[in-house]
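Enquirer:
Protein chains: 2
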Amino acid sequence: MSCESETIDVLRESGHKMTPQRMMILTSLRHASGHLSAADIFEQVKAAYPYVDISTVYRTLTVLKEMRLISETHMGGGDATFEWVASERHHHLICRHCNGVTLLDHTYLEKLGSQIEREVGFHADIDHFAIFGLCADCKRETASN
Amino acid sequence: MSCESETIDVLRESGHKMTPQRMMILTSLRHASGHLSAADIFEQVKAAYPYVDISTVYRTLTVLKEMRLISETHMGGGDATFEWVASERHHHLICRHCNGVTLLDHTYLEKLGSQIEREVGFHADIDHFAIFGLCADCKRETASN
DNA sequence: TCCTTTGTTGCAACGATTTGCATCTACTCT
DNA sequence: AGAGTAGATGCAAATCGTTGCAACAAAGGA
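Written as structure tokens, this is what we have:
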């Protein structure tokens with residue numbers, strides 16, 4: 812039994828099926844150190860099973876996202892990145908000037924999430940945000956022009 | 812002189828040029844009541860000048876976005892929507908179950924923005940967020956299964 | 001184990017957005 | 001007003017992600 816058995820149960824219980832393709836996509840996501848794009852995952856899975864289709868990857872990612880096993884984040888530069896949610900929660904501050912990326916602790920967003928839940932009744936999926944703006948350095952530089 | 816003259820100056824000062832196409836795209840955005848997709852804008856501009864190309868619309872939107880005159884928001888269902896930033900700031904709570912959209916007052920995000928600026932020094936562009944999650948109704952429904 | 005149901009797959013076609021490139025034009029300087 | 005330059009345009013082709021569909025296979029029950 813692999814280390815994905817728990818995940819498999821979660822999928823089964825919600826009426827989904829476990830297929831070899833899904834298993835490979837899951838493994839790819841779980842064992843990745845950080846963010847993966849759909850294309851990254853596609854490449855990895857293709858190495859083991861060359862007949863997978865990119866649409867299968869996207870459809871599986873959609874399912875996993877719906878079940879909140881993974882998070883999807885649009886970090887500017889084109890393609891979205893996906894990450895296993897169970898890993899440490901964190902967010903990104905992306906500078907629109909120098910494109911630098913800084914980490915933002917989850918506590919900042921956690922407060923926002925619980926406030927919204929308390930006051931509006933909406934349960935926000937605050938797993939992985941990308942917030943755009945100007946970093947401290949570029950702010951200084953821009954101000955002195 | 813039209814009511815866009817101020818915007819024109821902002822563009823010029825940052826090394827951009829004002830063209831008839833851009834003017835029409837600007838007008839379309841400024842006079843829209845709410846969110847517009849790139850295709851909406853394309854249609855509107857084409858009514859006045861049938862030779863515009865959709866790529867011109869996208870390129871202009873990219874420029875306006877960089878200058879923070881408009882905001883781009885991905886609200887699930889496929890295409891991105893654009894909105895004139897000067898209009899009332901607001902955000903969206905989008906239910907991943909029923910796809911319903913609720914408005915979220917800007918004050919919630921404003922606090923987050925100023926806190927990040929104060930503590931991390933990063934100036935977040937919190938213009939128009941789309942936050943996904945479960946609305947109160949769907950939360951209740953899901954819990955009772 | 002065999003059958004049925006229902007979700008999943010691969011493929012191809014599609015829609016949305018981006019990019020390369022030659023041409024054109026708004027703006028600046030003279 | 002005329003010339004030069006950098007940025008913008010239109011077109012076509014490429015890319016990225018999604019969708020329809022027929023064939024397939026996993027899960028559950030007889």
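Heads up: the sequence lines are chains Z and F, in that order. If you read the first sequence in my numbering, its first letter stands for residue 812, the second for the next number, and so on. If you read the second sequence in my numbering, its first letter stands for residue 812, the second for the next number, and so on. The beta carbon of each residue, even a glycine, is placed where N, CA and C say it ideally should be. In this text, all values refer to a predicted model and were calculated from it rather than measured experimentally.
Need the endpoints of the alpha helix (DSSP H) that Asp-916(Z) sits in, please.
Expert: Per DSSP, Asp-916(Z) belongs to no alpha helix (DSSP H); it is in the beta strand (DSSP E), 912 to 916.
Enquirer: Can you tell me whether DSSP reads Ser-816(Z) as helix, strand or coil?
Expert: Looking at Ser-816(Z) - three-state DSSP - the assignment turns out to be helix.
Enquirer: Helix, strand or coil, according to DSSP, for Phe-853(Z) in the structure here?
Expert: Helix, per DSSP.
Enquirer: Determine, using beta carbons only, whether Ile-865(Z) comes closer than 7 Å to chain F.
Expert: Ile-865(Z) does not count as touching chain F.
Enquirer: With H, G and I counted as helix, E and B as strand and the rest as coil, what does DSSP make of Ser-882(Z)?
Expert: Looking at Ser-882(Z) - three-state DSSP - the assignment turns out to be strand.
Enquirer: Pick from Arg-833(F), Glu-824(F) and Thr-913(F): whose alpha carbon is nearest that of Val-868(F)?
Expert: Answer by Cα proximity: Arg-833(F).
Enquirer: Please check if any C-beta of chain Z sits within less than 7 Å of the C-beta of Cys-909(F).
Expert: Judged by the 7 Å Cβ criterion, Cys-909(F) is not in contact with chain Z.
Enquirer: What's the C-alpha gap between Ala-891(F) and Pro-831(Z)?
Expert: Cα to Cα, Ala-891(F) sits roughly 34 Å from Pro-831(Z).
Enquirer: Residues in the same chain with beta-carbon distance under 7 Å from Leu-945(F), minus the five sequence neighbours each way, listed in chain order, please.
Expert: The residues are Cys-906, Arg-907, His-908 and Thr-953.
Enquirer: Residues of chain F with CB under 8 Å from Leu-880(Z), in chain order?
Expert: Chain F residues near Leu-880(Z): none, gap ~13 Å exceeds 8 Å.
Enquirer: Using a cut-off of 7 Å between C-beta atoms, extract the partners of Gly-932(Z) located in chain F.
Expert: Simply Ala-947.
Enquirer: Would you please verify whether the beta carbon of Leu-837(Z) is less than 7 Å from any beta carbon of chain F?
Expert: Not closer than 7 Å to any Cβ of chain F, the Cβ of Leu-837(Z) fails to qualify, so no.
Enquirer: Could you check how far apart the C-beta atoms of Leu-904(Z) and Leu-915(Z) are, in whole angstroms? I think they sit under 8 Å.
Expert: About 5 Å separates the two Cβ atoms, so the contact holds.
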